[in-house]
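Asker: Residue numbers (the numbering used here), protein chains in the order written: chain C, 838 to 1091; chain Y, 83 to 444.
Here you go, one structure.
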Ligand SMILES: Cc1ncc(C[n+]2csc(CCOP(=O)(O)OP(=O)(O)O)c2C)c(N)n1
């Protein structure tokens, strides 16, 4: 049998952790999409060699600690306000590449004004929007994106449209705004989806480098803890229920 | 050559910001302070100094823009009036919690609620005692003239960066709207990115370079013992500020038997009241706190041996008077006089209140 040291040679390396990821253990639950998307952002930053140029704005939500996982300068924003924070950073430091990272409660509920206006002004930023249809961090309450009939801790009998209104497809709204240049809806549940998602993130970062305005990437995501399903079942549930309502693909690419 | 102008208090805030090398202003219109952003937009400082001026979608967005800019080590500011300042409170406590420097101007109007657009001093508690949640303090400067509207922009930025703490200029509709002669400051260039890295690179998000760890701006600490440690660090900072930054003015205090304590526009009214009272033979002086936090507590205590009574004059239902009473500790009578809802007391009313409430002791 070959010695393990024989195998662990640089020429045999087929996969490695991005240098932009720190060694901190991620705080995410098994199966959570946040960790995958963090990895993709780190890889894109490394590939573009923009670690010094990138400033991340993380939200209130499960990804509040994103600053522990990517080795770049970070600002932690108040709940929903990352687009406003990113606006100022991008305007005051136009030489930087600024991205805001937000959950669906953060972006599509408490922070609707900030995201709409930042996109409408065409701020030269990337927005990564993790839509898991639920409030993950606070323990699984109903989000603006929660599907009709979907049970959560504040809609225990399933989301009732008469009571709570319709799930919000904010990405479709964002795509209407002339300030946005690239608006897409992705997922990260299969290797193929992960590759496509990474391509979209790369394009968004390239757009900011090219000063093209706002690039907006929704990632339809799972929250196995909030959904009370196993990671595998969560993916199946997402494909079956989330994808028909939140249709994947580019909404705008100018 | 000295540059004298006749200007409105609000316009001066804008001009002073440009001249002091401010990097960014973020605001939302509200009376009685809209001239600040209007003046900036007319002046187009982005063509002159590169200063960013942006009308935000709300006061909430504006203060969070200030957070973002301050986190980059930039000299940034916002202004508003009472209802808008209420909306900013979450952002202000985040800024205090992340220890970021910035300047916030409140041109106060009467409340509560939408209240009135007329001048008031009813936001003292909010400015001085916290406003937002958590244990934090703002450094609060109270201008009493258009000249001080000018001077406190520079002083405010200096203190903000010295202590990495938000500074508020607590003005009011009188000072914001009135025109006075003002000597404007010299033009100071904006800091270059290199200067910012040199001065604040240890904490500001200027982009992670290989020679340092990544900088993180946050007010989050999930470990209670570490959060407590941080709270103590803030308390220490506020103590240092209290020891070093108290500012006040004394008028006609040498022989005074009675004392007005008033800040901002009320202190101007008290100056006239002193003339009227002294013509009647009443020896009254004025102590004008310039910093409301830190408050001139020790100064007040040092004056008590010669003073028979104090009238705190403020356009509120009695807010600053609580700090006067805390300083006085019952040693001499302290009363409050104020008009409310945008009504401005006349000097004669102030003298009458002194006679009735303090001298006759009613
Ligand atoms: C002003 C304010 N309101 C409420 C909260 C509590 N809170 C923390 S995270 C969160 C929801 C986050 O959900 P989402 O944005 O969907 O992100 P996720 O955790 O699912 O990734 C809420 C309501 C807060 N921190 N601040």
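Each residue gets a CB set at the ideal place from its N, CA and C atoms; glycine is no exception.
Any contact of the region 227-238 of chain Y with the region 309-326 of chain Y, i.e. 3+ C-beta pairs under 8 Å?
Answerer: With a cut-off of 8 Å, the region 309-326 of chain Y and the region 227-238 of chain Y do not count as touching, because too few Cβ pairs lie within range.
Asker: Any beta carbon of chain C sitting closer than 8 Å to that of residue 139 of chain Y?
Answerer: yes
Asker: Which same chain residues, not among the five before or five after residue 88 of chain Y, have their C-beta less than 8 Å away from its C-beta?
Answerer: Beyond the five residues adjoining it in sequence on each side, residue 88 of chain Y comes within less than 8 Å, by CB distance, of 261, 262, 263 and 264 in the same chain, given in chain order.
Asker: Classify residue 880 of chain C: buried if its beta carbon has 16 or more other beta carbons within 10 angstroms, exposed otherwise.
Answerer: buried
Asker: Could you pull out every residue in the same chain whose Cβ sits closer than 8 Å to the Cβ of residue 867 of chain C, ignoring the five residues on either side in sequence?
Answerer: 1061 and 1068
Asker: Measure the beta-carbon distance from residue 342 of chain Y to residue 393 of chain Y and round it to whole angstroms, keeping in mind my assumption that it falls under 8 Å.
Answerer: 5 Å
Asker: For residue 418 of chain Y, which beta-bridge partners are listed by DSSP?
Answerer: Y:394
Asker: Determine the closest residue to residue 111 of chain Y out of Y:128, Y:371, Y:143 and Y:83, with distance taken between C-alpha atoms.
Answerer: Ranking the options by Cα distance to residue 111 of chain Y, first place goes to Y:143.
Asker: Compile a chain-ordered list of the residues in the region 915-948 of chain C whose CB is closer than 7 Å to at least one CB of chain Y.
Answerer: 915, 918, 921, 922, 923, 924, 925, 926, 928, 929, 930 and 933
Asker: Residues in the same chain with beta-carbon distance under 6 Å from residue 249 of chain Y, minus the five sequence neighbours each way, listed in chain order, please.
Answerer: 185, 221, 238, 241 and 242
Asker: Alpha carbon to alpha carbon, how far is residue 380 of chain Y from residue 408 of chain Y? Give it in angstroms, no decimals.
Answerer: 11 Å
Asker: Who are the Cβ neighbours of residue 95 of chain Y in its own chain at under 7 Å, not counting the five residues just before and after it?
Answerer: 118, 161, 187, 231 and 235
Asker: For residue 931 of chain C, does the count of other Cβ atoms within 10 angstroms reach 16, so buried, or fall short, so exposed?
Answerer: exposed
Asker: Could you work out which residues of chain Y lie near residue 912 of chain C, taking near to mean beta carbons separated by less than 7 Å?
Answerer: Near residue 912 of chain C (Cβ distances below 7 Å), the residues of chain Y are 150, 153, 287 and 299.
Asker: Taking C-alpha atoms, which residue in Y:215, Y:259, Y:372 and Y:164 lies nearest to residue 93 of chain Y?
Answerer: The shortest C-alpha separation from residue 93 of chain Y is found at Y:259.
Asker: Do you know how far the Cα of residue 1024 of chain C is from the Cα of residue 1075 of chain C?
Answerer: 10 Å
Asker: List the whole-angstrom C-beta distance separating residue 345 of chain Y from residue 368 of chain Y, where the pair is believed to meet the contact cut-off of C-beta under 8 Å.
Answerer: Contact doesn't hold; Cβ gap of about 10 Å is too wide.
Asker: Whose C-beta lies closer than 6 Å to the C-beta of residue 101 of chain Y among residues of the same chain, with five residues either side of it excluded?
Answerer: 267 and 269
Asker: Compute the minimum distance between the beta carbon of residue 896 of chain C and the heavy atoms of ligand 1, and state whether it is under 7 Å.
Answerer: yes
Asker: Per DSSP, residue 937 of chain C forms a beta bridge with which residues?
Answerer: The partner list for residue 937 of chain C (beta bridge, DSSP) reads C:894 and C:964.
Asker: Expressed to the nearest angstrom, what Euclidean distance is found between the alpha-carbon atoms of residue 182 of chain Y and residue 153 of chain Y?
Answerer: 6 Å
Asker: Taking only runs of the alpha helix (DSSP H) that begin and end inside the region 160-193 of chain Y, which ones reach a length of at least 4 residues, in chain order?
Answerer: Whole alpha helix (DSSP H) segments, 4+ residues: 164-169 and 171-179.
Asker: What is the DSSP secondary structure of residue 265 of chain Y, counted as helix, strand or coil?
Answerer: strand
Asker: Given residue 1050 of chain C, which residues of its chain have a CB within under 8 Å of its CB, disregarding the five upstream and five downstream residues?
Answerer: 959, 960, 961, 1016, 1017, 1018 and 1044
Asker: Please classify residue 812 of chain C as buried or exposed, where buried requires at least 16 other C-beta atoms within 10 Å of its C-beta.
Answerer: Summary: the structure shown does not reach residue 812 of chain C, with chain C confined to residues 838 through 1091, and so no result is reported for it.
Asker: Would you mind listing the alpha helix (DSSP H) stretches within the region 194-230 of chain Y that are 4+ residues and don't spill past its ends, in chain order?
Answerer: 206-210
Asker: Could you tell me which residues DSSP pairs with residue 971 of chain C in its beta bridges?
Answerer: C:979
Asker: I want to check one thing, is the minimum distance from the CB of residue 1102 of chain C to the heavy atoms of ligand 1 below 7 Å?
Answerer: Absent from the model: residue 1102 of chain C. The displayed extent of chain C is 838 to 1091, so no value can be given.
Asker: The region 896-912 of chain C: which residues have C-beta closer than 7 Å to a C-beta of chain Y, in chain order?
Answerer: Taking 7 Å as the cut-off between beta carbons, the residues of the region 896-912 of chain C near chain Y are 901, 904, 908, 909, 910, 911 and 912, in sequence order.
Asker: For residue 843 of chain C, count neighbouring C-beta atoms within 10 Å of its own C-beta (all shown protein chains included) and say buried if the count is 16 or more, exposed if not.
Answerer: exposed
Asker: Beta-carbon separation of residue 299 of chain Y and residue 912 of chain C under 8 Å?
Answerer: yes
Asker: Provide the residue(s) that pair with residue 309 of chain Y in DSSP beta bridges, ordered along the chain.
Answerer: Its beta-bridge partners do not exist; DSSP assigns none.
Asker: Quick check on DSSP: helix, strand or coil for residue 255 of chain Y?
Answerer: Of the three classes helix, strand and coil, the one that applies to residue 255 of chain Y here is helix, per DSSP.
Asker: Rounded to whole angstroms, what is the Cα-Cα separation between residue 106 of chain Y and residue 147 of chain Y?
Answerer: 9 Å
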